[in-house]
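Each residue of the sequence shown is one higher than the one before, starting from 163 at the first, in our numbering. What follows is one structure encoded as structure tokens, with my remarks underneath.
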Amino acid sequence: MQDSEASAAGAITIRSVQLWRKALPYFGTLLIFALIFWRIPVGKVAGALEQAPALKFFGVFLPYSGIYWIIDSACLTWVIRRFNKPLRFRDILPIRASMYLLSLINTNLGQGGVAWYIHRKAQVPFLEILSSILFIALLEVYQLFLFSTAGVVLYRPVSIAQTELVHALRIVYAVAWGALAAMMIFFAQARRHSRVRAWISNSRASSISRTFVAARPRDYAIVLAIKAPSFMLALLAQHFALGLYGITIPFVKLVLFLPLVFLAAALPIAIAHLGTSQAAWLLFFSANAPDAKILAYSLAAHFTFMLCNGLLGLLFLPRAGRELTALETAVHAQPLAQKPAGNKVSYPL
């Protein structure tokens, strides 16, 4: 009796923790916007939003969204072919687009959906696919660091506060690049020394670290080279959209701080990337226009890009749904003896 009561209490506790975790991003978003609108009157923001050139914004962000999707799919295809199993680019395109719908709610949902689809499609263990997805995610962060580091080098601060911020960023980026170098050296040792490789293989992280162990410096460079055009296009899109809205920001300042806006948007403390990105726009660019106008622009540009991605996802959702249904049917119809077994992790050369 006591055991059953303890089990029930434990289950309730677990459910409560899960509910809190799900609710946390919503609370985070509300809190951030409460702080923003406590400082900036809602009426001023609404008035500024009315001036947003919606159709022109679509003219800027819709082509960017399409090119971003192609680059994103090309990078995913290359990584999966390099570290997991050959897949065709045209097989990746529809699922990558449709998962943008999940990413509107939570980036991790979109990434997990892509990993699950490729796991079913290629019949490769899910954690090994997830390892490749995480490898791309890490280099997406470092792609932003790369451009922001260039901005730190080129940007000339115009105030004491900016000087202190740039100095702090130099320290942060030095630590970040040092951490990446240390990680690459560690995994290189795992490739060269059987004892280190055996230690990783026998750990719980063996599957999830598979791509990181196999990746060589040139693989990091190739992924960064594939992904870099997406940020350069984002930079141009934001630059043109800001001009359409009557906001002038020096290009080098955009190079320095726009990556930080994107990093803030990726923080898992808000829903649909909202709140954190608006706070970052205000922090870094409020000197270039009134706060209400900067906030209105960030909201208008954010929702325009989200809508473009959502339209792209809806366009390919029927095809992705058919493919997922066919994959599930094939997996369930496959004889048990032919289903892939959980073999020991091997590392591609």
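By construction, the Cβ of each residue, glycine as well, lies at the ideal position given by its N, Cα and C atoms. In this text, all values refer to a predicted model and were calculated from it rather than measured experimentally.
Residues of its chain near residue i, where Cβ-Cβ distance is below 6 Å and the 5 sequence neighbours each way are ignored
i: R378; result: none
i: S265; result: G272
i: A463; result: A403
i: Y226; result: L395 and A399
i: G543; result: Outside the displayed span of the chain (163 to 511) sits residue 543, for which this structure offers no information.
i: F467; result: F223
i: F288; result: H281
i: I322; result: none
Nonlocal neighbours in the same chain, by C-beta distance under 7 Å from residue i, ignoring five residues either side
i: I291; result: N246, A277, I280 and H281
i: V241; result: S294, F297, I298 and V385
i: T325; result: P319
i: H401; result: F413 and L416
Contacts around residue i, its chain only, beta-carbon distance under 8 Å, and the 5 residues preceding and following it disregarded
i: G472; result: Y262, L263 and L266
i: A170; result: Note on A170: pLDDT 47, under 50, position unreliable in the model; the coordinate value appears next. Excluding positions up to five away in sequence, the list is empty.
i: I456; result: I409, W443, L444, F447, S448 and N450
Proximity to residue i [Cα-Cα], best of the options
i: I411; options: P452, G437, A383 and F307; result: P452
i: R258; options: L296, A236 and R244; result: A236
i: A426; options: V417, L436 and L418; result: L436
i: P391; options: Y230, L224 and P225; result: Y230
i: A338; options: A449, Y304 and A428; result: Y304
i: L301; options: F465, L342, I456 and F467; result: L342
i: S368; options: D381, T311 and A352; result: A352
i: A482; options: I254, A216, G228 and F348; result: I254
i: Y317; options: F307, I370, L476 and V417; result: V417
i: P215; options: R243, V423, A323 and A458; result: A458
i: Y335; options: V315, R484 and D234; result: V315
i: A383; options: K415, E485 and M346; result: M346
Residue environment, residue i, which counts as buried when at least 16 other CB atoms sit within 10 Å
i: H355; result: exposed
i: F251; result: exposed
i: R372; result: buried
i: A330; result: exposed
i: L476; result: exposed
i: G313; result: buried
i: L474; result: buried
i: F348; result: exposed
i: H439; result: Here residue 439 is Ser; the residue named in the question, His, does not match the sequence. With 16 or more other Cβ atoms within 10 Å, it is buried.
i: I388; result: buried
Rounded distance between the beta-carbons of residue j and residue i, thought under 8 Å
i: L406; j: L211; result: Not a contact, Cβ separation roughly 14 Å.
i: V222; j: A399; result: 5 Å
i: F419; j: F446; result: 4 Å
i: K283; j: L238; result: About 12 Å; that fails the 8 Å criterion.
i: F309; j: P421; result: 5 Å
i: T269; j: A441; result: Contact doesn't hold; Cβ gap of about 18 Å is too wide.
i: L306; j: F424; result: 6 Å
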